[in-house]
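Visitor:
Chains as they are written, first to last, in the working numbering: chain U, 579 to 914; chain D, 579 to 914.
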């Protein structure tokens, strides 16, 4: 395990996001409809809703999650030097989250909250079509505040990676903006994932100006990028985004990835998946693979290929984090 | 979900055991040696040891476990009416355990402890050979006491099933003995699983007299039954046990199962497993299948066949509880 407090360690990526423990259960489509969920998306729920939904859920499995946390785990598995910033409570689920993020080799030093709501959890229903429908009780994670952003850690990292979900609460948004400014001041790259089409809906205007002003590397899927620019056509969205940020990696599920950077456009196929079991974490692992390539100086098409490989691995099993050594997996694929 | 408080519901089996949340992580053999563990067995650890071992463990997955709890989950998945008695603390892991045992359809009414140690956890290391090495911090589970044994619940059940691990603490042992006496008074069957060769070592003499005096259906694997009678030969152990209890189901991993009942002896093959991933829970699920058959009036050879099918299902994936509907699985196998 890596020493998680080495203050002079150079970092490839620092990931900032909601610190969440996932509760995953396999279920049928009827449950999704019954509870008025929109399949494949994330809804925010409060403590009472979380309790009611959990009571109605089948037996589950608990595993550390959170979009940026999953990306940090993927980066570490690839062999990148990385860190995570996010807020847990000093409770059992918080201990599990902290253990797991450190166990993968990521630095994690954000102090746990000693009062307030419990560690965040995300109730995830996996339907037979491998789609995941997420219901997040944000709990302690929303109490991430600007003081939790370690200026030194941001300065040590080539890339500061932010998940759009942080935008959902004002304090976390302030922390998010502080991290982005610190990265810019240090001539580091700022990367953003749009997270979810509903998240884009909630924050469209401020996301757009933030992307224009601060984002070097943007991750979005088809729905998110079209929602961001309020267009119904993927190519129209692509034209917009090429003006707004230096690099945009746009994922299109089984149709692969389009990377656009100024005049450069790359279309990369999805990697084959033997068995699509659970798509939880696919976007997070794509970002991990892409950023790994980027920090290793690979060309954009190769970055996208690495992302496609790491995304395919996580789709093949239940849970949002890799179950194999991604560094070895990617090396084998790129050599083959 | 089944109403878990129906006081007049007839039960097939009530399972009494340690209420434990498992923390499962895949690791290599070096870690097992480094920490002086004996592969394939269960060791009891205290809170400090649990903390130290957890810190050294890779990222894990949390899932409800406990030997008798797993058996209850298997029985419920088979369509049996069952209940579980065991002690959690009123903490997050306790909530997870209680949710999961109820979500599978088992009655569970044991009140959570409001003080004392936290909910029990078992740190399980899965090596590439699919063996699991377990380290249990018993926590709140040892505070199961005779008052937690619901006399009415025992009277409603055809079988009272007890895990040997309960014998490790005096209060829980007293609860165990109370449950057995109540079952006998009500002319119900008492079933015991020997749990682990080390557990047998710790309690050999009192296990032997308990089996002679109280046990109708005994579950043991090869190591456990030979340890119980201090013999080095399986057939010698078999001769001993046929005098001591009405039915003994002796599992021999890939060599299948031997069921002995007086003059009756059945040798049943193990069910084929596509991929041996994690043997955690195999014995628990064998017991579930066997007891399901028994409460449905099936002959002993068929009981063993059902047990072999349910054990094979759980070996095929990470985690100690079934991931498919066992009732449908068994029906398909027996029809085929």
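Backbone N, C-alpha and C define an ideal beta-carbon position, used for all residues, glycine too.
By the 10 Å Cβ neighbour count, where 16 or more other Cβ atoms means buried, how is residue 706 of chain D classified, buried or exposed?
Guide: Numbered from 1 along the second chain, position 128 holds the residue referred to as residue 706 of chain D. Exposed.
Visitor: Helix, strand or coil for residue 581 of chain U? Go by DSSP, reduced to three states.
Guide: As a first step, residue 581 of chain U is located in the first chain; it is residue number 3 there, counting from the start. Confidence at residue 581 of chain U is low in this model, with a pLDDT of 47, below 50, so the placement of that residue is unreliable and no value is reported for it.
Visitor: What residues are listed by DSSP as bridge partners for residue 642 of chain U?
Guide: By 1-based counting over the first chain, the position of residue 642 of chain U is 64. DSSP output for residue 642 of chain U lists U/599 as bridge partner(s).
Visitor: With 16 as the cutoff for other CB atoms within 10 Å, does residue 617 of chain D come out buried or exposed?
Guide: Locating residue 617 of chain D in the second chain gives position 39, counting from the first residue. Classification of residue 617 of chain D: exposed, given that the 10 Å Cβ count is below 16.
Visitor: Please check if any C-beta of chain D sits within less than 8 Å of the C-beta of residue 710 of chain U.
Guide: On the first chain, residue 710 of chain U is found 132 positions in, with the first residue counted as 1. False, the Cβ-Cβ gap to chain D never drops below 8 Å.
Visitor: Closer than 9 Å, Cβ to any Cβ of chain D: which residues of the segment 611-642 of chain U, in chain order?
Guide: Listed by position along the chain: 632, 633, 634, 635, 636, 637, 638, 639, 640, 641, 642.
Visitor: Beta-carbon of residue 678 of chain U versus every beta-carbon of chain D: anything under 8 Å?
Guide: Residue mapping note: residue 678 of chain U aligns to position 100 of the first chain, counting from 1. With 8 Å as the cut-off, residue 678 of chain U counts as an interface residue toward chain D.
Visitor: Candidates D/738, D/752, D/779: which alpha carbon is nearest residue 744 of chain D's?
Guide: Along the second chain, read from residue 1 onward, the residue named residue 744 of chain D stands at position 166. If we check each option's Cα against that of residue 744 of chain D, D/752 comes out closest.
Visitor: Contact criterion: CB-CB distance below 8 Å. Does residue 855 of chain D meet it with respect to chain U?
Guide: Sequence index remark: in the second chain, residue 855 of chain D carries index 277 (1-based). No, because no Cβ of chain U sits closer than 8 Å to the Cβ of residue 855 of chain D.
Visitor: Using only the alpha-carbon positions, how far apart do residue 647 of chain U and residue 595 of chain U sit?
Guide: Residue numbering aside, residue 647 of chain U sits at position 69 when the first chain is read from its first letter. Residue numbering aside, residue 595 of chain U sits at position 17 when the first chain is read from its first letter. Straight-line Cα distance between these residues: approximately 7 Å.
Visitor: Span of the alpha helix (DSSP H) holding residue 807 of chain D?
Guide: Here residue 807 of chain D refers to the residue found at position 229 when the second chain is read from its first residue. Unbroken run through residue 807 of chain D: none, as it is neither H nor E.
Visitor: I want to verify the contact list: residues of chain D whose CB lies under 7 Å from the CB of residue 674 of chain U, in sequence order.
Guide: Locating residue 674 of chain U in the first chain gives position 96, counting from the first residue. 640, listed in chain order.
Visitor: Measuring alpha carbon to alpha carbon, tell me which of U/716, U/680, U/673 ends up nearest residue 627 of chain U.
Guide: Residue mapping note: residue 627 of chain U aligns to position 49 of the first chain, counting from 1. Of U/716, U/680, U/673, the residue nearest in Cα terms is U/716.
Visitor: Under 8 Å: do the segment 588-603 of chain U and the segment 857-872 of chain U share three or more Cβ pairs, one atom per stretch?
Guide: With a cut-off of 8 Å, the segment 857-872 of chain U and the segment 588-603 of chain U count as touching, because enough Cβ pairs lie within range.
Visitor: Closer than 8 Å, CB to CB, is residue 897 of chain U near chain D or not?
Guide: For the purposes of this step, residue 897 of chain U is taken as residue 319 along the first chain, with counting starting at 1. For residue 897 of chain U, the answer is yes, since a Cβ of chain D falls inside 8 Å of its Cβ.
Visitor: Could you check the C-alpha separation between residue 790 of chain D and residue 783 of chain D for me, to the nearest Å?
Guide: As a first step, residue 790 of chain D is located in the second chain; it is residue number 212 there, counting from the start. As a first step, residue 783 of chain D is located in the second chain; it is residue number 205 there, counting from the start. Distance between the alpha carbons of residue 790 of chain D and residue 783 of chain D: 11 Å.
Visitor: Per DSSP, what kind of secondary structure is residue 777 of chain D in: helix, strand or coil?
Guide: In the second chain, the residue the question calls residue 777 of chain D occupies position 199. In this structure, residue 777 of chain D counts as helix in the three-state DSSP scheme.
Visitor: Tell me the DSSP secondary structure of residue 877 of chain D in three-state form.
Guide: Working through the second chain from its first residue, we reach residue 877 of chain D at position 299. Correct three-state label for residue 877 of chain D: coil.
Visitor: With DSSP run on the structure shown, which of helix, strand or coil describes residue 799 of chain U?
Guide: The count along the first chain starts at 1 and reaches residue 799 of chain U at position 221. Residue 799 of chain U falls in the strand class under three-state DSSP.
Visitor: Give a yes or no on whether the C-beta atoms belonging to residue 750 of chain D and residue 720 of chain D are separated by under 8 Å.
Guide: Here the question's residue 750 of chain D lines up with position 172 in the second chain. Here the question's residue 720 of chain D lines up with position 142 in the second chain. The answer is yes: Cβ separation under 8 Å.
Visitor: So which residues on chain D does residue 849 of chain U lean against when the C-beta distance must stay under 9 Å?
Guide: In the first chain, counting from the first residue as 1, residue 849 of chain U sits at position 271. Ordered by position in chain D, no residue passes the 9 Å Cβ test against residue 849 of chain U, which lies about 22 Å from the chain.
Visitor: Take residue 787 of chain U as the anchor and find which of U/799, U/807, U/775, U/736 has the nearest alpha-carbon.
Guide: Residue mapping note: residue 787 of chain U aligns to position 209 of the first chain, counting from 1. The shortest C-alpha separation from residue 787 of chain U is found at U/807.
Visitor: Since residue 916 of chain D and residue 649 of chain D should fall inside the 8 Å C-beta cutoff, what is the C-beta to C-beta distance between them, to a whole number of angstroms?
Guide: Here chain D covers residues 579 to 914 and nothing more, so residue 916 of chain D does not appear.
Visitor: With distances taken between CB atoms, is the gap from residue 810 of chain D to residue 591 of chain D smaller than 8 Å?
Guide: As a first step, residue 810 of chain D must be located in the second chain, where it is residue number 232. As a first step, residue 591 of chain D must be located in the second chain, where it is residue number 13. Result no, Cβ atoms of residue 810 of chain D and residue 591 of chain D do not sit closer than 8 Å.
Visitor: Tell whether a beta-carbon distance below 8 Å holds between residue 554 of chain D and residue 769 of chain D.
Guide: Residue 554 of chain D lies beyond the range of chain D shown here (579 to 914); nothing can be said about it.
Visitor: CA-CA distance, residue 678 of chain U and residue 637 of chain D?
Guide: By 1-based counting over the first chain, the position of residue 678 of chain U is 100. By 1-based counting over the second chain, the position of residue 637 of chain D is 59. If you take the alpha carbons of residue 678 of chain U and residue 637 of chain D, they lie about 4 Å apart.
Visitor: How far does the alpha helix (DSSP H) with residue 680 of chain D in it reach, from first residue to last?
Guide: For the purposes of this step, residue 680 of chain D is taken as the residue at position 102 of the second chain. Residues 670-681.
Visitor: Which residues, in chain order, does the segment 653-666 of chain D contribute to contact with chain U at a C-beta distance below 8 Å?
Guide: Those would be none; no residue qualifies.
Visitor: Who pairs with residue 593 of chain U in a beta bridge, going by DSSP?
Guide: Your numbering for residue 593 of chain U matches position 15 in the first chain. U/662, U/739.
Visitor: Can the beta-carbon of residue 833 of chain D be found closer than 8 Å to that of residue 848 of chain D?
Guide: As a position in the second chain, residue 833 of chain D is number 255, starting the count at 1. As a position in the second chain, residue 848 of chain D is number 270, starting the count at 1. Result yes, Cβ atoms of residue 833 of chain D and residue 848 of chain D sit closer than 8 Å.
Visitor: Kindly list, in the order they appear in chain U, the residues whose Cβ is closer than 7 Å to that of residue 863 of chain D.
Guide: Your numbering for residue 863 of chain D matches position 285 in the second chain. Near residue 863 of chain D there are no residues of chain U at all, since even the closest Cβ is about 14 Å away, more than 7 Å.
Visitor: Would you please state the rounded distance, in angstroms, between the beta carbons of residue 605 of chain U and residue 639 of chain D? I believe it to be under 8 Å.
Guide: Here residue 605 of chain U is taken as the residue at index 27 of the first chain, counted from 1. Here residue 639 of chain D is taken as the residue at index 61 of the second chain, counted from 1. Not a contact, Cβ separation roughly 18 Å.
Visitor: Are the CB atoms of residue 797 of chain D and residue 879 of chain D nearer to each other than 8 Å?
Guide: To locate residue 797 of chain D, count along the second chain from 1; it is residue 219. To locate residue 879 of chain D, count along the second chain from 1; it is residue 301. Against a cut-off of 8 Å, the Cβ pair of residue 879 of chain D and residue 797 of chain D comes out as no contact.
Visitor: Hey, which unbroken runs of the alpha helix (DSSP H) at 4 residues or more fall wholly within the segment 682-742 of chain D?
Guide: Within the segment 682-742 of chain D, the complete alpha helix (DSSP H) runs of at least 4 residues are 729-734.
Visitor: Provide the residue span of the beta strand (DSSP E) that contains residue 826 of chain U, from first to last.
Guide: Residue mapping note: residue 826 of chain U aligns to position 248 of the first chain, counting from 1. Unbroken beta strand (DSSP E) run through residue 826 of chain U: 825-829.
Visitor: In terms of residues, what are the limits of the alpha helix (DSSP H) holding residue 629 of chain U?
Guide: Within the first chain, residue 629 of chain U is the residue found at index 51, counting from 1. 625-634 is the extent of the alpha helix (DSSP H) around residue 629 of chain U.
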